[in-house]
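> Going by this note's numbering, the first residue of the sequence shown is number 72, and it counts up by one from there.
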Amino acid sequence: MTVPYQTYQFEYPERLRCAFIGAGGHSYRNVYPAFQYAPVELVAVCDVELDRARTYARSFGAPAAYDDHRQMLAAEQPDAVFIVTSYTDDGDVQATALAQDCLRAGAHVWMEKPTAAGLAQLDRLQAVADETGRTVMTGLKKIFTPAMEKVKSILRTPEFGTASSISVRYPQSLPAPDLRSDDVKMIGFLDHIFHPGAILTHLMGPVRRLSYEWEPRTGASVSSLLFESGAVGTLHLASGSATGAPLERVEVVGDGANVVVDNGVRITYYRAGAELPYGRAASFVTDDAVAPLRWEPEFSLGQLYNKNLFYLGYVPEVVYFCERLLAGKPIEKGTLADVREILKLYELYRRLPAGDSVQPAQRLGDR
Ligand SMILES: NC(=O)c1ccc[n+]([C@@H]2O[C@H](COP(=O)([O-])OP(=O)(O)OC[C@H]3O[C@@H](n4cnc5c(N)ncnc54)[C@H](O)[C@@H]3O)[C@@H](O)[C@H]2O)c1
72 MTVPYQTYQF
82 EYPERLRCAF
92 IGAGGHSYRN
102 VYPAFQYAPV
112 ELVAVCDVEL
122 DRARTYARSF
132 GAPAAYDDHR
142 QMLAAEQPDA
152 VFIVTSYTDD
162 GDVQATALAQ
172 DCLRAGAHVW
182 MEKPTAAGLA
192 QLDRLQAVAD
202 ETGRTVMTGL
212 KKIFTPAMEK
222 VKSILRTPEF
232 GTASSISVRY
242 PQSLPAPDLR
252 SDDVKMIGFL
262 DHIFHPGAIL
272 THLMGPVRRL
282 SYEWEPRTGA
292 SVSSLLFESG
302 AVGTLHLASG
312 SATGAPLERV
322 EVVGDGANVV
332 VDNGVRITYY
342 RAGAELPYGR
352 AASFVTDDAV
362 APLRWEPEFS
372 LGQLYNKNLF
382 YLGYVPEVVY
392 FCERLLAGKP
402 IEKGTLADVR
412 EILKLYELYR
422 RLPAGDSVQP
432 AQRLGDR
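1. Kindly confirm or deny that the region 138-145 and the region 409-423 touch, where touching means at least three C-beta pairs closer than 8 Å.
2. Give me the Cα-Cα distance between Ser-235 and Gly-276, rounded to the nearest whole angstrom.
3. Which residues in the same chain as Leu-226 place their Cβ atom closer than 6 Å to its Cβ, once the five residues preceding and following it in sequence are excluded?
4. Measuring only the C-alpha atoms, how far is Ala-176 from Val-111?
5. So, is Thr-314 buried or exposed, given that buried needs 16 or more other C-beta atoms within 10 angstroms?
6. Any heavy atom of ligand 1 closer than 7 Å to the Cβ of Val-155?
7. Applying the criterion that 16 or more other CB atoms from any shown protein chain within 10 Å of the CB defines a buried residue, is Val-74 buried or exposed?
8. Does the beta-carbon distance from Gly-426 to Glu-284 come in below 8 Å?
9. Roughly how many angstroms lie between the CA atoms of Gly-162 and Val-155, to the nearest whole one?
10. Looking at C-beta atoms only, is the number of pairs between the region 357-370 and the region 235-253 that lie closer than 8 Å three or more?
11. Whole angstroms is fine: what's the gap from Glu-183's alpha carbon to Leu-211's?
12. Could you check what DSSP says for Val-389 in three-state terms: helix, strand or coil?
13. Would you mind working out which of Gly-327, Val-114 and Tyr-158 sits nearest Leu-87, comparing C-alpha positions?
14. Of all the options Thr-203, Arg-288 and Leu-281, which has the alpha carbon lying nearest to the alpha carbon of Ala-302?
15. Need the endpoints of the alpha helix (DSSP H) that Arg-100 sits in, please.
16. Just to confirm my understanding: we take Arg-434, look at its own chain, exclude 5 residues before and 5 after, and list those with CB closer than 6 Å. What are they?
17. Could you check if Gly-96 belongs to the surroundings of ligand 1, using beta carbon to heavy atom distance under 7 Å?
18. Please check the pair Arg-337 and Glu-367, which I expect to be a contact at CB under 8 Å, by giving their CB distance rounded to whole angstroms.
19. What do you get for Asp-409, buried or exposed, if any count of 16 or more other CB atoms within 10 angstroms of its CB means buried?
20. Is Pro-185 near ligand 1, going by C-beta to nearest heavy atom under 7 Å?
21. Can you give the Cα-Cα distance for Leu-196 and Asp-172, rounded to whole angstroms?
22. Quick check: is any heavy atom of ligand 1 less than 7 Å from the C-beta of Asn-379?
23. Quick check: Gly-384 and Phe-215, are their CB atoms within less than 8 Å of each other?
24. Near Lys-256, which residues of its chain fall below 6 Å by C-beta distance, leaving aside the five closest residues on each side in sequence?
25. Quick one: grab the DSSP three-state call for Ser-244.
26. Go ahead and label His-97 buried or exposed: buried means 16 or more other beta carbons lie within 10 angstroms of its beta carbon, across all protein chains shown.
27. Report the CB separation of Arg-342 from Glu-230 in whole angstroms; it is logged as a contact under 8 Å.
28. Got a sec? Which residues, its chain only, sit under 6 Å from Thr-78 by beta carbon, not counting five neighbours each side?
29. Could you check whether Ala-200 and Val-389 sit closer than 8 Å to each other, using their CB atoms as the reference points?
30. Distance check for Ala-188 and Tyr-420, CA to CA, integer angstroms please.
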């Protein structure tokens with residue numbers, strides 16, 4: 072694995088003609104700025120609030136602004152559209168229908184998570200993608216972080232062995248059982264299950280069985296998972312954690328080896344092969360060839376890897392989408408199939424009482 076060499080936007084010999092729907096908070100902080108490092112020619116910005124669309128167009132170098140996405144699609148005929156919108160008043164995901172309009176206009180789509188508010192809505196989006204032959208990628212930023220890319224590459228090595236178990240910690244409250252059929256009350260959970268859900272299913276594959284226990288004051292939960300691969304795992308949704316404390320911890324165990332990611336940027340790989348005979352090892356210092364490996368960024372230099380745009384996965388996910396399309400290669404990360412695995416988990420949490428166990432395929436139909 073070599074360190075990726077980052078090209079700046081103006082250095083790319085070829086760029087994708089892109090339009091953008093949504094001029095909100097997250098996109099201002101994290102998606103438009105990622106274009107500085109991606110082969111993007113931003114041709115237009117659309118927001119229902121035209122002033123915002125105009126301001127963003129000026130700030131991020133687009134020549135045109137619209138308040139109606141259909142007008143924009145017809146006038147600009149973009150190769151691809153980035154969609155970063157929000158929720159309808161009844162808790163649906165605005166971007167799901169917008170994405171279908173973009174596909175029908177002949178554009179590929181990059182959209183923020185959540186892709187859809189459920190499997191039925193995802194089915195409709197998938198049908199339009201199939202019918203139009205256009206691609207939809209969801210920004211599953213967690214699987215594009217340098218740390219998670221490294222974990223995935225470690226999992227592929229024979230030295231690590233087959234992944235046998237995983238634990239993921241992420242603070243998120245699961246609403247009370249009587250609120251889980253309410254789409255509006257479930258927005259927060261839907262919004263965030265995409266992050267740990269993407270990590271679990273990207274590293275370990277589909278989930279075969281799940282059960283969980285739930286704590287009513289905070290909505291915290293601990294889930295026990297069995298993956299199709301035969302590996303097992305836990306998902307600790309640690310609602311009640313202190314604001315400002317690191318949110319995440321991920322550990323994957325292989326066969327005599329394990330890897331831990333703390334706070335998204337500190338990776339420790341405990342390699343196989345160390346010998347510390349019990350009762351006789353007088354030092355914990357193992358041979359260099361099997362010693363643990365540790366990576367974490369320095370936060371002193373004006374390097375790209377120090378920007379959250381990079382270590383949180385935003386630039387990598389946007390660059391991946393654009394470069395793959397320009398090269399005529401398929402999108403293989405953040406696909407609608409990846410999203411389906413996450414939404415299966417979401418629907419299980421909505422329907423499954425604490426303490427029960429269910430196999431996603433049993434309850435939801437083998438999709
Ligand atoms: N991956 C991440 O790290 C991360 C972080 C924060 C938010 N998000 C996601 O980003 C999305 C946006 O979040 P936000 O906090 O920026 O929301 P926001 O409400 O600030 O922005 C949404 C914008 O979309 C516009 N919009 C809505 N419908 C539109 C339409 N039909 N046409 C044109 N514009 C329309 C709104 O006017 C608004 O300006 C959500 O899906 C959220 O889950 C992701």
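From the three backbone atoms N, C-alpha and C, an ideal C-beta is built for every residue, glycine too. Computed from a predicted structure; not experimentally measured.
Let me lay it out:
1. no
2. 12 Å
3. Ala-234
4. 19 Å
5. exposed
6. yes
7. exposed
8. yes
9. 16 Å
10. no
11. 8 Å
12. helix
13. Val-114
14. Leu-281
15. From DSSP, Arg-100 is part of no alpha helix (DSSP H); its letter is neither H nor E.
16. Below a pLDDT of 50, predicted positions are generally treated as unreliable, and Arg-434, at 48, falls in that range; no measurement from the model is reported.
17. yes
18. 4 Å
19. buried
20. yes
21. 10 Å
22. no
23. yes
24. Pro-246 and Leu-250
25. coil
26. exposed
27. 7 Å
28. none
29. no
30. 13 Å
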